[in-house]
């Protein structure tokens, strides 16, 4: 173990040194990095724009781009459900009073079309109605939402660690397909809400908490964030729980067949053995994250970012779908770790396509996250960690925010960290 830790410390020191050098880069290097990344992202994305939405061949100089002919599967399936909700909101989970087009029926069954909580479906219905009103369609509104998320992320990276934007998005092939063609609609809606929470964290923490509750109601992936409830003010905690009850529990008494979405999701991929294994891994990460949170002095921005990880990890492992974790790791991390994990996961199948399938990104990201959390524990101090393990009751109260008796070890800030 000492030899392993010594080796890890050398790697951590090397990463910190690289971080210092990159943060000291002149402004023109940063601007060039952002500009080059944006150009690459646009270039990679243009072929994924459906020709049915915009024929680029009509634009000078773009006629040679081979576009996707029609819309992606999620645009088709979610668009049908959005139309069903607009036609009759009470039909949200039966979809009996709205007929599918032949294309919609060939792409998804009614049951498989957008099996999401009401907050997600109402947001999609609003996007569909807005798209029809503006003349850009459901696809255009969701594409605009993806652009908003990426621009807001770029601004955040510029304010903290600029190099994370090129690190994540120069390799944009996969997420170009997911955001521009397939369109991960509910993920993009949820990411937009999370970004609002991230921006609100410093000036309006109560609003940030409520926004995170809304993100959970849209997509269950940020569910781990609910562990912050004991540290919230009473009124904020009540609002947080109110949003969850209205978004996830009350629909049972309002919409017929509402519970099918959870049955469908649990049966979609993976069995009980997969679920148990995924739960063990995600719960272990969750405990370590909660401990590092309090001992390393995480702030609300950190808690928002890490609040996305454990349950998304569970979903990714249970279903063996890397996307469920990677898309959450795109949320900017001012300490870099989560974004580096996403970049490393995306890089492996891109650099070794003949050896590694895309789902190899999942274990790679997990290893990087584990490596980084081990670094946090090392800097907290193993003597402190061992003492806390010997007093589990006290440590649990500390992790739950119910005891002020043990002071955190101080902010764990990498070399060169900016506020």
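Residue numbers (the numbering used here): 1282 to 1700.
Where a beta carbon is used, it is the ideal one built from N, C-alpha and C, also for glycine.
What residue does the alpha helix (DSSP H) around residue i start on, and which one ends it?
i	result
residue 1517	1515 to 1525
residue 1305	Element bounds for residue 1305: n/a, residue is neither H nor E.
residue 1636	It is not in any alpha helix (DSSP H) - residue 1636 carries neither H nor E in the DSSP assignment.
residue 1672	Premise fails: residue 1672 is in no alpha helix (DSSP H) and is neither H nor E.
residue 1589	It is not in any alpha helix (DSSP H) - residue 1589 carries neither H nor E in the DSSP assignment.
residue 1329	Neither: residue 1329 is in no alpha helix (DSSP H) and is coded neither H nor E.
residue 1545	1541 to 1549
residue 1562	1553 to 1576
residue 1534	1532 to 1535
residue 1610	Residue 1610 -> no alpha helix (DSSP H), and no H or E assigned at all.
Have a look at the options and flag the residue whose alpha-carbon is nearest the alpha-carbon of residue i.
i	options	result
residue 1357	1329, 1387, 1369, 1658	1387
residue 1361	1327, 1675, 1403	1403
residue 1496	1472, 1613, 1518	1472
residue 1481	1584, 1639, 1355, 1636	1584
residue 1525	1678, 1294, 1399	1399
residue 1317	1354, 1449, 1363, 1359	1449
residue 1703	1394, 1667, 1607	Outside the shown range of the chain, which is 1282 to 1700, sits residue 1703, and nothing can be said about it.
residue 1301	1430, 1442, 1537, 1672	1442
residue 1593	1582, 1579, 1620, 1559	1559
residue 1579	1509, 1291, 1459, 1376	1509
residue 1614	1661, 1433, 1355, 1291	1433
residue 1637	1284, 1603, 1340, 1363	1603
residue 1324	1461, 1393, 1295, 1391	1461
residue 1596	1618, 1557, 1634, 1619	1557
residue 1566	1555, 1582, 1581, 1591	1591
residue 1428	1642, 1322, 1663	1322
residue 1534	1459, 1371, 1505	1371
residue 1326	1376, 1283, 1341, 1455	1455
Mark residue i as exposed unless 16 or more other C-beta atoms lie within 10 angstroms of its C-beta, in which case mark it buried.
i	result
residue 1389	buried
residue 1588	buried
residue 1409	buried
residue 1490	buried
residue 1632	exposed
residue 1616	buried
residue 1605	buried
residue 1599	buried
residue 1365	buried
residue 1308	exposed
residue 1415	exposed
residue 1542	buried
residue 1683	Summary for residue 1683: the model assigns pLDDT 46, below 50, so the residue's position carries little reliability; its value from the coordinates is reported in the next sentence. Its Cβ having fewer than 16 others within 10 Å, residue 1683 is exposed.
residue 1483	exposed
residue 1693	With a pLDDT of 37 at residue 1693, under the threshold of 50, the modelled position of that residue is not reliable, and the figure given next carries that caveat. Buried.
residue 1544	exposed
residue 1674	exposed
residue 1293	buried
residue 1457	buried
residue 1548	exposed
residue 1537	exposed
residue 1582	buried
residue 1291	exposed
residue 1385	buried
Apart from the five residues just before and just after residue i, which ones in its own chain have a Cβ nearer than 8 Å to its Cβ?
i	result
residue 1289	1652, 1655, 1656, 1659
residue 1333	1350, 1351, 1352
residue 1527	1498
residue 1382	1361
residue 1475	1492, 1493, 1496, 1503, 1585, 1589, 1612
residue 1328	1346, 1347, 1348, 1349
residue 1463	1353, 1354, 1355, 1356
Excluding the 5 residues preceding and the 5 following residue i in the sequence, name in chain order all residues of the same chain whose CB lies nearer than 7 Å to its CB.
i	result
residue 1680	1571, 1572, 1575
residue 1401	1467, 1470, 1499, 1500
residue 1367	1406, 1409, 1410
residue 1646	1606, 1607, 1610, 1622, 1623, 1625, 1626
residue 1435	1315, 1446
residue 1513	1490, 1521
residue 1706	The structure shown does not extend to residue 1706, since the chain is modelled only from 1282 to 1700, so the question has no answer here.
residue 1516	none
residue 1628	1452
Sorted by chain position, which residues of the same chain lie with C-beta nearer than 6 Å to residue i's C-beta, five sequence neighbours on each side aside?
i	result
residue 1676	1669
residue 1444	1303
residue 1343	1337
residue 1551	1599, 1600
residue 1412	1418, 1419, 1421, 1422
residue 1369	1378
residue 1488	1481
- Secondary structure, alpha helix (DSSP H): runs of 4+ residues fully inside the region 1425 to 1512: 1445 to 1450, 1454 to 1457, 1466 to 1481, 1486 to 1499
- Can you list, in chain order, the stretches of the alpha helix (DSSP H) that have 4 or more residues and sit fully within the region 1392 to 1416? 1399 to 1415
query: If you scan the region 1353 to 1382 from start to end, which runs of the alpha helix (DSSP H) of 4 or more residues do you find wholly inside it?
result: 1354 to 1368
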